[in-house]
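Participant:
Okay, structure coming up:
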């Protein structure tokens, strides 16, 4: 819809519309296909004109997170807590020795927020213990339990709760709950933002460290490419990817230990990354982009859209400024064409921005929720037209 709107804005005297359908590229997986076509000059509204652009969606996130989402909230937070603790020494090291990593403080901030998230549920455990201790010690509760002959069991539970519900645990609760409450109060949507980010971050860590779900995700993406190649043999494939999705696409185009498929090599012409967390990944998984297949490095262009305020985005420079990219993926020759997009003047990190999660929230500001709102698509469409991609 946003691409259609930009085409309508920039083509005076011409009008564009969209058609949406679903296709099954495997027996189990579907893709939503949006075709953007030029309207005919005649008044026949049912007759479609020439197709200008066609988009196939790939729902990698559903495959990536399906197992993690099945876990209960306590286990999720324990996994996240352990992950952040495990990476903490490397996080601190990057503050002082960051080489080409241009914005270590923003990434430290992102990790700190994840740490707070992981503790959010754990902070409430002491409160639950305190309530359970007081309840089990009350005479009314004991009398009720004695009716069901459960008083002996309740006494045992009460004894256990008193032992673990120590002053130290209570102090932890008293310190932690206000922090969590303050963030939720200042930024009401923070629960949705940080829960989504935490879920994806944990799953991406498992994807990177253990290859968990990587084969099924890349296999399905390969199958979608093959479907396009068979049904539209003269097409040119452009990969548009946002956030952690860019990690998946880079793994497909520049794999480790294998080569891209012939159709992928022949049809792929453009990579578009929006808010790609390349530096985030490269800093804390330093060998991840080593020894990549270089078959595709001279075969396609790469547009990278980023915001300097985004704690996760990468500008592919050795400083925190706008400008041309200075490096690419690992040791590959391909370097992106940088497109800077800001919704407001770049903001310095201060206590207000810290508690309002601005560096995290801006990661979702590359387009408005409404398709009528402005977005980074205008910058992208201009650059695509300049390079004859549309």
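In my numbering, the protein residues as written are 437 to 826.
Positions of the beta carbon are idealized from the N, C-alpha and C atoms, including for glycine.
1) In this structure, does DSSP put residue 775 in helix, strand or coil?
2) Looking at the unbroken beta strand (DSSP E) that takes in residue 748, where does it start and where does it end?
3) Can you tell me which of the three DSSP states residue 684 falls into?
4) For residue 695, count the other beta carbons within 10 Å of its own beta carbon; 16 or more makes it buried, fewer makes it exposed. Which is it?
5) Considering only the beta carbon of each residue, do residue 825 and residue 775 sit closer than 8 Å?
6) Taking C-beta to C-beta, are residue 454 and residue 471 nearer than 8 Å?
7) From this set, 730, 735 and 686, which residue's C-alpha is nearest residue 718's C-alpha?
8) According to the Cβ coordinates, are residue 706 and residue 732 closer than 8 Å?
9) Distance, Cα to Cα, residue 601 vs residue 523?
10) For the ligand SAH, is there any heavy atom lying closer than 7 Å to the beta carbon of residue 673?
11) What residue does the beta strand (DSSP E) around residue 458 start on, and which one ends it?
12) Give the straight-line distance between the Cα atoms of residue 692 and residue 770, rounded to the nearest whole angstrom.
13) So, using beta-carbon positions, are residue 805 and residue 649 closer together than 8 Å?
14) Using the Cβ count rule (16 or more neighbours within 10 Å means buried), how would you classify residue 525?
15) DSSP three-state label for residue 717, please.
16) Are the CB atoms of residue 799 and residue 711 nearer to each other than 8 Å?
17) With a threshold of 7 Å on Cβ separation, who are the neighbours of residue 492 within its own chain once the five nearest residues in sequence on each side are excluded?
18) Using C-beta distances below 6 Å, list every residue in its chain close to residue 829, excluding the 5 sequence neighbours before and after it, in chain order.
19) Return yes when the Cβ of residue 713 is within less than 8 Å of the Cβ of residue 745, no when it is not.
20) Going by DSSP in three states, residue 812 sits in which element: helix, strand or coil?
Facilitator: Considering the structure as presented:
1) strand
2) Element bounds for residue 748: n/a, residue is neither H nor E.
3) helix
4) exposed
5) no
6) yes
7) 686
8) no
9) Only weak support is given to the placement of residue 601: the predicted model assigns it a pLDDT of 49, under 50, and the question is left unresolved by the model.
10) Absence of the ligand SAH from the depicted structure is noted, as is the absence of any ligand whatsoever, leaving it without description.
11) 452-460
12) 16 Å
13) no
14) exposed
15) helix
16) yes
17) 467, 469, 660 and 664
18) In the structure as shown, the chain starts at 437 and stops at 826, and residue 829 therefore has no counterpart that could be examined.
19) no
20) coil
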